[in-house]
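Asker: Right, I'll just put the structure down here and ask away after.
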Amino acid sequence: MIELLQQSGSSFASDINNLILWITILGGFWLVVAEVILFWLVWKFRKKPGVKASYITGERKEEMKWIHWPHNLILLCDVIIIVMAIRVWYTVKQDLPPAQSTIRVIGQQWAWRYVMPGADNILGTADDIETVDELHLKVDTVYHFKLESTDVLHSFSIPQFRLKQDALPGRIITGWFKPTKVGNFDIQCAEMCGIGHGIMMSKLFVETAEDYDKWIAGHTPAAVTSR
8 MIELLQQSGS SFASDINNLI LWITILGGFW LVVAEVILFW LVWKFRKKPG
58 VKASYITGER KEEMKWIHWP HNLILLCDVI IIVMAIRVWY TVKQDLPPAQ
108 STIRVIGQQW AWRYVMPGAD NILGTADDIE TVDELHLKVD TVYHFKLEST
158 DVLHSFSIPQ FRLKQDALPG RIITGWFKPT KVGNFDIQCA EMCGIGHGIM
208 MSKLFVETAE DYDKWIAGHT PAAVTSR
């Protein structure tokens with residue numbers, strides 16, 4: 008269902024899609040049940056000539072069951088949702104798989120800066136590549152990202168990846184993703200960060216291994232290639 012509205016581009020996107028689908032199904036079921044019962048009661052107990060309305064407090068045993076049973080069933084649905092949400096949270100936020108590559112993501116008013124490893128695939132060396140509002144990744148590769156902010160709260164969001172992570176000044180937050188589709192995707196700031204918040208967008212290019220290697224070779228700092 009969600010895939011029809013927003014394509015998935017990461018390995019854990021389907022987990023989040025399924026969680027949202029189940030929340031919609033369970034919540035939607037109880038919404039329909041509640042509304043059907045509400046309108047049925049309004050129709051059945053509408054004002055009728057010669058019939059005096061009776062005052063019901065809901066405290067009698069035969070009345071209480073109509074409160075307790077639905078209440079318990081709804082609580083059961085809540086528990087199911089919570090268990091599913093914890094499993095997805097653990098997969099996405101806590102159980103990071105081993106990194107095949109690591110990048111830095113720096114949020115600032117009002118742009119995203121990226122530092123990617125060069126041909127040696129080691130971050131923090133002379134051949135690192137730094138870009139503004141343009142991130143290049145290799146498909147089917149597990150990336151760890153080091154997210155930080157230089158000024159105010161930002162939120163690193165890639166809707167197609169089902170990824171959203173706040174960037175906090177003074178903290179480096181580690182996350183991960185694995186792109187599974189070649190293509191161009193939008194990156195945006197999902198946290199109000201000032202007057203330029205609406206233009207704080209950048210592009211993500213997920214490329215094949217061959218195209219990615221060509222891009223890396225063409226953007227390696229000149230001081231490194233001249234050695």
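Residue numbering for the sequence shown follows the numbering used here, starting at 8 and increasing by one per position.
All C-beta atoms in this analysis are idealised placements derived from N, C-alpha and C, irrespective of residue type, glycine included.
Give the DSSP-derived three-state secondary structure of arginine 53 in the structure shown.
Answerer: Correct three-state label for arginine 53: coil.
Asker: Do leucine 154 and glycine 182 count as a contact pair if the criterion is CB distance below 8 Å?
Answerer: Against a cut-off of 8 Å, the Cβ pair of leucine 154 and glycine 182 comes out as a contact.
Asker: For the alpha helix (DSSP H) that contains glycine 190, what are its first and last residues?
Answerer: Segment 190 to 196 is the beta strand (DSSP E) holding glycine 190; no alpha helix (DSSP H) there.
Asker: Where does proline 105 fall in DSSP's three states?
Answerer: Here proline 105 sits in coil by DSSP.
Asker: Would the beta-carbon of glutamine 195 fall within 8 Å of that of aspartate 158?
Answerer: Not a contact, by the Cβ cut-off of 8 Å.
Asker: Under 8 Å between the Cβ atoms of isoleucine 211 and isoleucine 136?
Answerer: Before going on, a small fix: residue 211 reads as leucine here, not isoleucine. The answer is no: Cβ separation not under 8 Å.
Asker: Could you please give the first and the last residue of the uninterrupted alpha helix (DSSP H) stretch that includes glycine 5?
Answerer: This structure gives no information on residue 5, because the portion of the chain shown stretches from 8 to 234.
Asker: Which same chain residues, not among the five before or five after tyrosine 219, have their C-beta less than 6 Å away from its C-beta?
Answerer: Around tyrosine 219: Lys145.
Asker: Could you tell me the alpha carbon to alpha carbon distance between lysine 100 and threonine 31, rounded to whole angstroms?
Answerer: Looking at the two C-alpha atoms, the distance is approximately 22 Å.
Asker: Excluding sequence positions up to five away, which residues of its chain have a Cβ less than 6 Å from the Cβ of methionine 207?
Answerer: Within the same chain, methionine 207 has close Cβ partners Trp117, Cys196.
Asker: Taking DSSP as the reference, what is the three-state secondary structure of glutamate 66?
Answerer: Three-state result, glutamate 66: coil.
Asker: Relative to the C-alpha of leucine 170, which residue among Val95, Leu80, Ile63 is closest?
Answerer: It is Val95 whose Cα lies nearest to the Cα of leucine 170.
Asker: By the 10 Å Cβ neighbour count, where 16 or more other Cβ atoms means buried, how is glutamine 14 classified, buried or exposed?
Answerer: By the neighbour-count rule (16 or more Cβ atoms within 10 Å), glutamine 14 is not buried but exposed.
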